[in-house]
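Asker: Just remember that the working numbering sits 1245 ahead of the position in the sequence shown, which is counted from 1.
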Amino acid sequence: MAQADNVTIIDTEGRSVEAPMGAKRILLGFYFEDFYAIGGPDAYENVVAISRAVWQGWRQSQWKQYSKKDSRLEKLIDVGEVDSGTFSVETAIAAKPDVAIFAAWQFRSLGNSIDKLEEAGIPVVVIDYNAQTLEKHVTSTQILGKITNNEKRAEQLATEYSNAVQDVWQRVKKAGGDPKRVYVELGNKGSQEYGNTYSNTMWAGVVQQAGGKNIGDGQVEKWGPLNPEYVIASNPQAIFIAGSDWVGKSKAVLMGFDEKPEVTRARLQPYVERAGWNNFDGVKNGEVHALYHGGARTLYDYTFLQYIAKVLHPEAFLDVDPSENHRQFYEKYLPIDANGVFMIKLEK
């Protein structure tokens, strides 16, 4: 097999890395769907190892759909998970990847494991969709396009993403008005305990771009729960609970592939029954929503941006259908269908 040509990549950490273009043995730490979208339906033919827990464990229904569609996924080497401390640099090196691709949050936690990978001759490239900036989304997409030798497809995705995001910005700017107060909570614990909210990252970045006033800003550095009394005093005008299909979370707001709207709404309902929430403007006006947490750091997260922006500026987005745009992205770029619950309003 001919050796792939190397290309100089400036990754999202500003590091200059010599990596193979059209790599045949890739270690992929995160952003599994974006890799599929850019690399095409056969993208995982060139992947030898993944951090399986952050896919199967965090996005259970998503993993089921992809592994059912592509049997290769079950056979990939599992290098462990960074957050839980199970990542094995020895396993990663033994997989003999041509390149290792990590999310920025993984890279920053791996410490000297990165040095060991590089000492073993494995170039490490960092990408970052978590930053929720247009620049890093585009850069990350272009990087994956080079590594998978799909630059044309990557540029198409980056252009479509950029156009969609800028369209939201323009509509929000034109709509004007005072920004509405927004509360976002991770719905992985159930209503009996306040879950994390966000500032300067994740859903906070989406809310900001949608023209909302995130009540978590200035209260948490990146993520963490807010004091319930503060939330009540803030009187949010729109509430978004991030749901998913976490393993072992029996009270979580269930969302994802093959989930049912009535189940998602049943898990969402107890949140509005919390003490003091009945007085929220957002609850009174029926602006309580659930969003699929797995969609907040992806190439299709512009559809969630559209959804939030439409809640905050309904007149400006009358001709925009975020759910349909989400469905069409899957139809166009991914090997599975978006059948399930990904963005939904709680019925009053």
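Where a beta carbon is used, it is the ideal one built from N, C-alpha and C, also for glycine.
So, under 8 Å CB-CB, Ala-1365 and Thr-1386 are touching, yes? Tell me the CB distance rounded to an integer number of Å.
Answerer: Here the question's residue 1365 lines up with position 120 in the sequence shown. Here the question's residue 1386 lines up with position 141 in the sequence shown. Actually they are not in contact, since the Cβ atoms of Ala-1365 and Thr-1386 sit about 28 Å apart, beyond 8 Å.
Asker: Taking just the CA atoms, how far does Ala-1541 sit from Lys-1597?
Answerer: Look at the range of the chain in this structure, 1246 to 1593, and you will see that residue 1597 is not part of it.
Asker: Can you give me the C-alpha to C-alpha distance between Gln-1238 and Leu-1499, rounded to a whole angstrom?
Answerer: Look at the range of the chain in this structure, 1246 to 1593, and you will see that residue 1238 is not part of it.
Asker: Count the other C-beta atoms from every protein chain shown that fall within 10 angstroms of the C-beta of Val-1586, then say buried if there are 16 or more, exposed otherwise.
Answerer: Residue numbering aside, residue 1586 sits at position 341 when the sequence shown is read from its first letter. Classification for Val-1586: buried.
Asker: May I have the straight-line CA-CA distance separating Lys-1313 from Tyr-1276, to the nearest angstrom?
Answerer: Stepping through the sequence shown from its first residue, residue 1313 is reached at position 68. Stepping through the sequence shown from its first residue, residue 1276 is reached at position 31. Answer to the nearest angstrom: the Cα atoms are 18 Å apart.
Asker: Sort out for me which residues DSSP pairs Thr-1393 with in a bridge.
Answerer: Working through the sequence shown from its first residue, we reach residue 1393 at position 148. Note: Thr-1393 sits in no beta bridge, so no partner.
Asker: According to the Cβ coordinates, are Val-1417 and His-1558 closer than 8 Å?
Answerer: Sequence index remark: in the sequence shown, residue 1417 carries index 172 (1-based). Sequence index remark: in the sequence shown, residue 1558 carries index 313 (1-based). Yes.
Asker: Do Ser-1296 and Gly-1274 have their C-beta atoms closer together than 8 Å?
Answerer: Along the sequence shown, one-based indexing puts residue 1296 at 51. Along the sequence shown, one-based indexing puts residue 1274 at 29. Result yes, Cβ atoms of Ser-1296 and Gly-1274 sit closer than 8 Å.
Asker: What are the partner residues of Leu-1273, as DSSP defines its beta bridges?
Answerer: Here residue 1273 refers to the residue found at position 28 of the sequence shown. The partner list for Leu-1273 (beta bridge, DSSP) reads Ile-1295, Ile-1346.
Asker: Roughly how far, in whole angstroms, is the beta-carbon of Val-1370 from the beta-carbon of Ala-1282, given that I think they are within contact range, below 8 Å?
Answerer: The count along the sequence shown starts at 1 and reaches residue 1370 at position 125. The count along the sequence shown starts at 1 and reaches residue 1282 at position 37. Not confirmed; about 17 Å, so no contact.
Asker: Give the single residue among Leu-1563, Asp-1526, Glu-1326 whose Cα lies nearest to the Cα of Val-1476.
Answerer: Walking along the sequence shown from the start, residue 1476 turns up at place 231. Comparing Cα positions, the closest option is Asp-1526.
Asker: Would you be able to state if there are at least three C-beta pairs under 8 Å between the region 1545-1557 and the region 1513-1523?
Answerer: no
Asker: Using 8 Å for Cβ pairs, my map puts Trp-1448 next to Phe-1485. What's the rounded Cβ distance?
Answerer: As a working mapping, residue 1448 is identified with position 203 in the sequence shown. As a working mapping, residue 1485 is identified with position 240 in the sequence shown. Sure, about 7 Å apart at Cβ, within 8 Å.
Asker: In this structure, does DSSP put Ala-1483 in helix, strand or coil?
Answerer: Indexing the sequence shown from 1 puts residue 1483 at position 238. In this structure, Ala-1483 counts as strand in the three-state DSSP scheme.
Asker: With C-beta atoms as the reference, is Ile-1351 less than 8 Å away from Val-1327?
Answerer: Counting from one through the sequence shown, the residue named residue 1351 turns up at place 106. Counting from one through the sequence shown, the residue named residue 1327 turns up at place 82. Residue identity check: residue 1351 is Gln in the sequence provided, not Ile. The answer is yes: Cβ separation under 8 Å.
Asker: Quick check on DSSP: helix, strand or coil for Arg-1426?
Answerer: By one-based count along the sequence shown, residue 1426 stands at place 181. Arg-1426: strand per DSSP, three-state reduction.
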